Structure formats: C-alpha cells, structure tokens
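>
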Amino acid sequence: MISKNLLKEKQKQRTILINDKKPPRDLKFDPTKKIIGYLSQTMKFLTDTTVYDFLKMHMEVRGRHESEEETQRLIKKIIVDANTITGEKIKEKMNLLILSGGQSRALMIADLIYVSESPIILIDEIENVGIRVHNALKLLIEEGKIVFIVTHDPLLALNTDKRFVMKNGTISKVLFSVPKERGVLSYLSWINDYVLDIRDQIRKGKQIEELKLVCSPLS
Amino acid sequence: MKFVIFGGTPGSGKTSVIKHVIEELKDLKIYYIKFDVLKTMDDVLIREKFGITTEKGISGDICPDHYSVMLFPNIIKKQKDKDLVIAETAGLCLRCAPYVNEGLGIAVLNIASGKPSSYGPLLTHADAVAITKGDMVSQAEREIFRIGVLKMNEKATIIETNGLTGEGALEVAEIIRNMPETKGKLTLRWPMPTALCGYCYGCKIVDPIEANKRYLLAKKIKEKIPNINCGKCGFKCCNDFIRAVLDGEAEESRCPYLRKKEFKLANRAKEP
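As given, the protein sequences belong to chains A and B, one line each in that order.
Going by our numbering, the first sequence opens with residue 1, and the numbers climb by one from there.
Going by our numbering, the second sequence opens with residue 1, and the numbers climb by one from there.
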C-alpha cells in the first residue's frame, strides 16, 4: 500500500533526475534496462519448461547469443551456484514448475546475478522460504552487487553494512554497523548455528537430551 | 472529448488499473461505462469512489463486444460535455477487442495467464499494453513476457502496472493526456467476427439442418424489421428480438415499426 507520506510526496510533483536529466522512459519500463533486480517472497515460476531451456530463453531475451559451449558453461555455473543457496539440489532437466519455493528462489537469485546483470538487487523478505540467505548474500556481494534487503530477521539485519529504519513509509534513521554490533552478531550466529545443529540431529532421528550452555562469541 | 477503450481478459485487473488511472486524472470530467455479460457492480463502485458519471452495459445473449460497439455512437453523443470517456470491455474474446481508430485502445494483460502469442487483435491492435501481476513472477519471466508482447505488437507502449499499489497508473494517465481528441465517425480497427447461423439466433439443437431451419426463420423476420437496434421493443437489438420471437417469448407486434401501418405497407410493397 502507498503510505500517506508517499502520497504527499506524489502531490508535491517532484521529479527524479539522474545526472541532472529526466531519465528516459525505458529505464523505468524495460526490465532489461532497469538497474534494479527485484526478488520477493511471492514470486513463482509459471513457464512450463526445463531449468536449462528457461535459462537459455532468458539469455536470448537479454540479447546474449553466445556459442553453444559458452551457454552450456554459464547455465552449469548458474545451477551450481544456485545449489549453494538451496538444500535440495536443482538439476538442469527439472521442470521449472516442480521446483520448491526454496529451489525457485535460489534459481532466481543465480539468474539475477549471471543473466539479468542488474547492479542493484532488491530482496523482499525472503528469510521464510527455506534458503541459505547468507550464502545468497555472499554470492551476490562477491559478484559486486549492491544489495538492498527488506527483513525482519535480526541476524540478517545485523549482517549488513548499513541499516535504514523505516517509519510511515519514509526513512527515519540510518545506522552503520559498529564493532560492538559485530560482537552481538557473532554471538547470535553461534546460537543460530546451534539451533540448526539441533534441527539436523532431530532430522537424523536423534534424542536431544543435553543442552549446551557455554558458548563463546569467538568460537 | 477523448475516448479510451480498455480491453483484457476477465480477472486481468482492468478495473483496478482504471481506478488508479482515474485517480491520476481527477482534474478531468470523466464518464465511465463497464460492459459485462451477466452482472457487474464496478460502475457503482467507481461512481461512489470518484463521484463521476458511470453506467453499465449488460449484454446478456449478445456478444459483449458487438453490444458495446452498438452503443458507442450514442455514448459519444450523450457525453459530449465530458473530457474523457472510458469504456471497459467484458473482455471475453481475444479476437475482437473493439478498439476504434479515433480513440485509444489499451490492453490489460495478466502476466500469469498465458503467453502473449495466444492473444489476437486485443493485443495486436492496442496502442498501449498494461502488464499486471508482474510482482507474482520472477524478473526473468517478466523480461521474457515483455519480449513476447513486442513480438505481437512492436509499436505498443508497454507499461508494468500494479493494481494494488497503483504503479504504472501515472504513465497510463500520461498517455491519455497526450492522445488527440476523438472526432468524427468511429471506425473499428479490426472487423467483428462473422456471426450468421442458426446458433446466433438461439438454436439449441446441435444439428446443421436444425440450425439452418432456425436461420431461415430468423431471416424472414429480419427482412420485415428495420434493423436499427432502436430498443423500443425492450430488447437490446433486433437480433435479440428475433430470437425471442422464435423462442415464442415475444410477439412480432412488439416491434413498433411492424405495428405502424405505413411500414407494413412498405413491407408489403417489397413482396413480389
């Protein structure tokens, strides 16, 4: 929903300029020219085709007509990287429609990195879809993307360099990551890993009888 | 006065897009008509929300696109004092989309329902294409869909819209502001499909001989009546009246022209 503040902004009829010029319409409407790639929780794949053919089709739409070997190499890389983000492995022969929520999201992220080539990525609350968000972030940052992430997950929020606090549709505060916060983060990460470890043990059918109480932020 | 027609399949989000566009064009005097087959409340909702003049056209047994085109000239005549006339089609048939050359045609396509290549003149003859529900699919699919739309209609202005947030409505409104005034006789960009068989006149028996019998009976009545779709008999058009006569639901005398003596005489003179 558009907040009241945003509506007020709209009524002021302000114009956004890029390099002192009104940006061309294409920049807003042609998704291949948009500099922001977008990924949300609700997105689904709807095309009835295999992962391989879909990626190939997207590469063609993006105007990348590489040799057959080059295409194959890139698609392999996309799938390998996507598989570091999701627990259940994606295979190139799989139909897009049978991919789980986590697999779809992982593939979308890898596609954003290697095919869409958008320098800025906006990620909207994807913590609940069962992907390894930290791996995804690592991959995105390694590829030089600027990542904006909307989240309620404290671990993810503390892991960023800069935090915008939103209130009534506008930025009310900008916070930078400080060393003390890093300490808190590493402690919370330890707890999180511990919970994940217990989850793994439960999955394997083990009885959980002991509680580890001592932990060190440095471990 | 400007005349804009919105086409698109049911559930594509036409009404939501139109609402946001009206919001952006509040400074204009707007008339809105919604065409549908059985019932609609959109005209009431839009009237209550924006306080503009609205109407609905319920087509019943007639093809809703044929029906809307029959009403267009009257609408244009009656709403001369308005700045903008918006017609929203029922959006059943991907073939017709009754866009007129003298106005603007906007196709509203739901990205989640089918490939662009399965659309007919609804898409190929539109000036602008508003793509809705893009937030439900991945960026890759949005890009692929857009190229698909351009393959069908390379001249169209494509706008990604969102019926919930109103994204894109400003741009659609901008296109409407910049379009020329609608003047003169309206002409269709694409002709309507041929509809001339017994089934068009309500034949229910699936049999070519029965359908032809019905067609010949209908033709006899059609030759007697004026075929100007005046509506004075209470039916939406002459063909609807013929159908009711054949079904035994109406007397021929319900047509005021058949009651008039002179008309009867003129008809008699026609007979050999």
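Beta carbons are placed, not taken as given, at the ideal position from N, Cα and C, and that holds for glycine.
In this text, all values refer to a predicted model and were calculated from it rather than measured experimentally.
May I ask you to list the residues that DSSP assigns as paired with B:S117?
According to DSSP, B:S117 bridges with nothing at all.
> Could you name the residues of the same chain whose beta carbon sits closer than 8 Å to that of A:F54, not counting the 5 residues immediately before and after it, in chain order?
Contacts found: F45, T47 and L96.
> Please compile the residues from chain A whose C-beta is within a distance smaller than 7 Å of the C-beta of B:D135.
S40 and T42, listed in chain order.
> Per the DSSP calculation, A:I18 is bridged to which residue(s)?
Answer by DSSP bridge pairing, in chain order: A:K21.
> Listed from N- to C-terminal order along the chain, which residues in the region 99-112 of chain B have their beta-carbon within a distance smaller than 7 Å of any beta-carbon of chain A?
Residues A112.
> Cα separation between B:I221 and B:V37?
Distance between the alpha carbons of B:I221 and B:V37 is about 26 Å.
> Count the other CB atoms within 10 Å of the CB of B:P226; is the residue buried (16 or more) or exposed (fewer)?
So B:P226 ends up on the exposed side.
> Who are the near neighbours of A:I131 in its chain, counting only those whose CB is closer than 6 Å to its CB and skipping five residues on each side?
So the list reads I85, T86, G102, R105 and A106, once near-sequence residues are dropped.
> Does the Cβ-Cβ distance between A:V61 and B:I242 come in under 8 Å?
No, the pair does not count as a contact, with Cβ atoms beyond the cut-off.
> Identify the contact partners of B:R142 in chain A, using a Cβ-Cβ distance below 8 Å as the criterion.
Near B:R142 (Cβ distances below 8 Å), the residues of chain A are P31.
> Per the contact definition of three or more C-beta pairs closer than 8 Å, is the region 181-190 of chain B in contact with the region 99-119 of chain B?
The answer is yes - the region 181-190 of chain B touches the region 99-119 of chain B, with three or more Cβ pairs under 8 Å.
> Here's the rule: buried if 16 or more other CB atoms are within 10 angstroms of the residue's CB, otherwise exposed. What is B:H20?
With 16 or more other Cβ atoms within 10 Å, it is buried.
> So, are the CB atoms of B:Y119 and B:L94 less than 8 Å apart?
Closer than 8 Å, so yes.
> Report all residues from its chain with a CB closer than 6 Å to the CB of A:I98; omit the five preceding and five following residues, and keep chain order.
Here the set comprises nothing.
> Can you look up A:R62 in the DSSP assignment and give me helix, strand or coil?
Three-state DSSP puts A:R62 in coil, outside helix and strand.
> Determine whether the Cβ of B:Q139 lies closer than 8 Å to any Cβ atom of chain A.
Yes, B:Q139 lies at the interface with chain A (some Cβ there is under 8 Å from its Cβ).
> What are the boundary residues of the beta strand (DSSP E) that B:E55 is part of?
Run containing B:E55: T53 to I58, per the beta strand (DSSP E) assignment.
> Pairs of beta-carbons, one from the region 31-43 of chain A and one from the region 108-128 of chain A, closer than 8 Å: are there three or more?
Because the criterion of three Cβ pairs below 8 Å is met, the region 31-43 of chain A and the region 108-128 of chain A touch.
> Which of the three DSSP states, helix, strand or coil, is assigned to B:E154?
Note: B:E154 maps to coil in three-state DSSP.
> So with CB distances below 7 Å, who are the chain B contacts of A:L46?
Within chain B, the residues near A:L46 are A112, V137 and E141.
> State buried or exposed for A:G171, treating a residue as buried only when at least 16 other CB atoms are found within 10 Å of its CB.
A small fix is needed here, since residue 171 of chain A is Ile in this sequence, not Gly. Under this definition A:I171 is an exposed residue.
> Does the beta carbon of A:V150 sit closer than 8 Å to a beta carbon anywhere in chain B?
A:V150 does not count as touching chain B.
> Considering only C-alpha positions, which residue in the set A:R73, A:D161 and A:W190 is nearest to A:P179?
Here the closest residue by C-alpha is A:D161.
> Taking just the CA atoms, how far does A:K34 sit from A:M23?
In the sequence under discussion, the amino acid at residue 23 of chain A is Pro, which differs from the Met named in the question. So the alpha carbons of these two residues sit roughly 11 Å apart.
> Look up A:L99 in the DSSP assignment and say whether it is helix, strand or coil.
Coil.
> Along the chain, where does the beta strand (DSSP E) containing A:R163 start, and where does it finish?
Residues K162 to K167.
> Please name the residue, chosen from B:L25, B:H66 and B:Q139, that lies closest to A:F29 on a Cα-to-Cα basis.
Considering only alpha carbons, the answer is B:Q139.
> On the CB-based measure, 16 or more other CB atoms within 10 Å of its CB, does A:F176 come out buried or exposed?
With fewer than 16 Cβ atoms within 10 Å of its Cβ, A:F176 is classed as exposed.
> So, does the CB of B:I86 fall closer than 8 Å to a CB anywhere in chain A?
Answer no: the Cβ-Cβ gap between B:I86 and chain A never drops below 8 Å.
> Quick one: is B:K133 buried, meaning 16 or more other Cβ sit within 10 Å of its Cβ, or exposed?
So B:K133 ends up on the buried side.
> Would you be able to state if there are at least three C-beta pairs under 8 Å between the region 21-31 of chain B and the region 156-174 of chain B?
Counting Cβ pairs under 8 Å, three or more are found: they touch.
> Count the CB pairs spanning the region 28-44 of chain B and the region 69-85 of chain B that are closer than 8 Å, and state whether there are at least three.
With the cut-off at 8 Å, the region 28-44 of chain B and the region 69-85 of chain B touch.
> Any beta carbon of chain B sitting closer than 8 Å to that of A:L61?
With the sequence shown as reference, residue 61 of chain A is identified as Val, and Leu is not the correct amino acid for it. Output row for A:V61: interface = yes.
> A:S116 versus chain B: which residues are under 9 Å apart at the beta carbon?
The answer, in chain order, is Q139, A140 and E143.
> Per the DSSP calculation, A:G37 is bridged to which residue(s)?
Answer is A:I121, bridged to A:G37.
> Quickly, what does DSSP pair B:L273 with across the bridge? List them, please.
Any property of residue 273 of chain B remains undetermined from this structure, which presents chain B solely from 1 to 272.
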